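Chains A and B, in that order, are what the protein sequence lines are.
Each step along the first sequence adds one to the number in the working numbering, with nothing skipped, and position 81 is 485.
Each step along the second sequence adds one to the number in the working numbering, with nothing skipped, and position 60 is 61.
Ideal Cβ positions, reconstructed from N, Cα and C, are used throughout, including at glycine.
Since this is a predicted model, take the numbers as computed values, not measurements.
Heads up: the structure comes next, in structure tokens.
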Amino acid sequence: MCLAIPGKIVNFAEDGRLATVEVVGVRRKVDLGLLQEDMPKLNDWVLIHVGFAMSKISEADALEQMRTLALLGESEQAMQEVRGYGLEEE
Amino acid sequence: MKFVDEFRDADLIKKTAEEIRRLAGTTRHYRFMEVCGGHTHAIYRFGLKDILPENIELIHGPGCPVCVLPMGRIDDGLALAADDHVIFAAFGDMMRVPGTHGSPLEYKARGTDVRIVYSPSDALKLARINPDRHVMFFAIGFETTAPSTALTIMRARAEGIHNFSVFCNHVTIIPAIRAILDSPDMRLDAFIGPGHVSTVIGCRPYEWIAKDERKPIVVSGFEPLDILQAIVMILRQMRAGEAKVENQYKRVVPWEGNRAALRAMGEVFQLRPYFEWRGLGFISQSALRIRDSYAEWDAEQRFQVPGVRVTDPKAAQCGEVLKGVLKPVQCKLFGKECTPEHPLGALMVSSEGSCAAYFNYEHRKAMATSLSRSA
Ligand code: SF4
């Protein structure tokens, strides 16, 4: 739960509230409500926590974060979490 | 330094470790607390203990939301779920945490409708697709997670979803640090500040630790190099006789925090006068409750909560371990009655709890060595 997972913004929903992110090939919707003051653009990377984009990060840091999760033995759990975000049908 | 070679910055890590040795010298002992459970997990997994000189001791702090939740709160939440009408939704981390009559997972096995969600908005979605049921989201977490719960509650109101409520156990990190500093058996030299909590609250709320308590605090990322660099920054401050708040994790943590997140929290939550923390006791203004203006989405205002209070089993020393007074192995139950497979305390459940981290990395390693020796 305290994991932060990096994802790349590949699409915005119409109301600007949700965006589709890609996390190692898996696409999921995340909520942008916490980045209203500093909205990401297409292809920006964000850190995702419990289904909400929490902060913007650089691509290099995003890749490093994925490596850290792998080293921590938590990338499987992270992917399970990403797959679990049930927001896609909205 | 056997772990070092698998890291990308292996050379830089070795150099930083040498710098730490040089700065730390040999004449005194240092006690630094890493506040965040994510750091605890990383420190064990990366074997940073083997990299650091012996006179630097890392004390594990209270920053694991699962670990600091008193058992009574779990009992309370599960008591509300006894109603067939209710769906109990919680993060996966909560599922194996023992309550008096079992964990949420064991309740599920006995027929309670318990669901794992990965996001509070998933719980809201459950309410949307189950209009004839009531979905209660059992919310835990520090300031990293609280804003997402807040936005979800705001959304429930905006969309007029009335079969949804939150059983709020959100806690705040600053009062916990204060309680630890006030505790007489605790002597600390400095803090490694939490990374993700700080993306929300920023670095200012730590200023009193430097100013009034004269202790350095360095907000740190979670990679091995981040943590080692934070330790260098702390040692440099101490050498210079300074105590400041510094930000090692600038690439993610803005000094001012995240205003949108703070606004959402302010809109939905207010401070509770006091809240019980496992191991730390009652701490004033250390947790969040839902404001009366959102009472309809507050499980505690909507339902009759039993208000269970349970003391932990006598032999379990979760409190002392949580405060950093005892090491996990010093608990009499560690590795015997209490293991990750059969956890008695929450510190053994979460991967961020120090008992589980210690068991998974140090204890298993030690067992493997003694097995291969005896073979
Ligand atoms: S070993 Fe178990 S009972 Fe002892 S402190 Fe750790 S979690 Fe608590």
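Can you list the alpha helix (DSSP H) stretches of 4 or more residues lying completely in the region 202-264 of chain B, in chain order?
208-212 and 225-240, all fully within the region 202-264 of chain B.
Taking the alpha helix (DSSP H) that residue 40/B belongs to, which residues open and close that run?
If you number the second sequence from 1, residue 40/B lands on position 39. Where residue 40/B is concerned, the enclosing alpha helix (DSSP H) stretches over 38-46.
For the region 109-122 of chain B, list every residue whose C-beta sits within 7 Å of some C-beta in chain A, in sequence order.
Within the region 109-122 of chain B, the residues whose Cβ lies closer than 7 Å to some Cβ of chain A are 119, 120, 121 and 122, listed in chain order.
How many angstroms separate the CA atom of residue 149/B from the CA atom of residue 456/A?
If you number the second sequence from 1, residue 149/B lands on position 148. If you number the first sequence from 1, residue 456/A lands on position 52. Approximately 7 Å, taken between the alpha carbons.
Measuring alpha carbon to alpha carbon, tell me which of 177/B, 311/B, 121/B and 46/B ends up nearest residue 152/B.
Counting from 1 along the second sequence, the entry for residue 152/B is found at position 151. Nearest option by C-alpha distance: 121/B.
Going along the chain, which residues of the region 410-428 of chain A sit with their C-beta nearer than 8 Å to a C-beta in chain B?
Under the 8 Å Cβ criterion, the region 410-428 of chain A contributes no residue.
Within the structure, which residues are defined as neighbours of the ligand SF4 by a Cβ-heavy atom distance below 7 Å, reported in chain order?
Residues with a Cβ closer than 7 Å to any heavy atom of the ligand SF4, in chain order: 317/B, 318/B, 319/B, 322/B, 329/B, 332/B, 334/B, 335/B, 339/B, 344/B, 345/B, 346/B, 347/B, 348/B, 349/B, 354/B and 356/B.
In chain order, what residues of the region 219-230 of chain B put their CB closer than 7 Å to some CB of chain A?
Within the region 219-230 of chain B, the qualifying residues are 223 and 224.
At what residues does the beta strand (DSSP E) containing residue 431/A begin and finish?
The count along the first sequence starts at 1 and reaches residue 431/A at position 27. Per DSSP, residue 431/A belongs to the beta strand (DSSP E) from 430-435.
Residue 13/B to residue 206/B, Cα distance in whole Å?
For the purposes of this step, residue 13/B is taken as residue 12 along the second sequence, with counting starting at 1. For the purposes of this step, residue 206/B is taken as residue 205 along the second sequence, with counting starting at 1. Roughly 31 Å separates the two Cα atoms.
Return the residues of the region 272-295 of chain B that lie within a Cβ-Cβ distance of less than 8 Å from chain A, sorted by chain order.
Those would be none; no residue qualifies.
In the DSSP assignment, find the unbroken beta strand (DSSP E) run with residue 169/B in it and report its ends.
Within the second sequence, numbered from 1, the residue matching residue 169/B stands at position 168. Residues 165-171.
Hey, how far is the Cα of residue 326/B from the Cα of residue 348/B?
Counting from 1 along the second sequence, the entry for residue 326/B is found at position 325. Counting from 1 along the second sequence, the entry for residue 348/B is found at position 347. So the alpha carbons of these two residues sit roughly 14 Å apart.
Taking only three categories from DSSP, how would you classify residue 412/A?
The residue given as residue 412/A occupies position 8 in the first sequence. Three-state DSSP puts residue 412/A in a strand.
So residue 240/B contacts chain A; which residues on that side make the cut at Cβ distance below 9 Å?
Residue 240/B sits at position 239 when you count from the first residue of the second sequence. Neighbours of residue 240/B on chain A: none; closest Cβ ~29 Å, over 9 Å.
At a Cβ threshold of 8 Å, is residue 157/B touching chain A?
Residue 157/B sits at position 156 when you count from the first residue of the second sequence. Not closer than 8 Å to any Cβ of chain A, the Cβ of residue 157/B fails to qualify, so no.
Which residues in chain B sit within 7 Å of residue 408/A, going by Cβ to Cβ distance?
Within the first sequence, residue 408/A is the residue found at index 4, counting from 1. 197, listed in chain order.
Could you name the residues of the same chain whose beta carbon sits closer than 7 Å to that of residue 219/B, not counting the 5 residues immediately before and after it, in chain order?
In the second sequence, counting from the first residue as 1, residue 219/B sits at position 218. Closer than 7 Å at the Cβ level, and outside the excluded window around residue 219/B, lie 193, 194, 231, 234, 235, 247 and 249.
In the DSSP assignment, what residue or residues form a beta bridge with residue 460/A?
As a working mapping, residue 460/A is identified with position 56 in the first sequence. BP columns for residue 460/A point to 450/A.
Use the C-beta contact count for residue 208/B: other C-beta atoms within 10 angstroms, 16 or more gives buried, fewer gives exposed.
Sequence index remark: in the second sequence, residue 208/B carries index 207 (1-based). Looking at its Cβ environment, which holds fewer than 16 other Cβ atoms inside 10 Å, residue 208/B is exposed.
Which residues in the same chain have their Cβ closer than 6 Å to the Cβ of residue 449/A, if we skip the five residues on either side of it in sequence?
Your numbering for residue 449/A matches position 45 in the first sequence. Same-chain partners within the cutoff: 410, 412, 461, 463 and 466.
Mind pulling the chain D residues with CB within less than 7 Å of residue 479/A?
The structure shown has no chain D; the protein chains it does contain are A and B.
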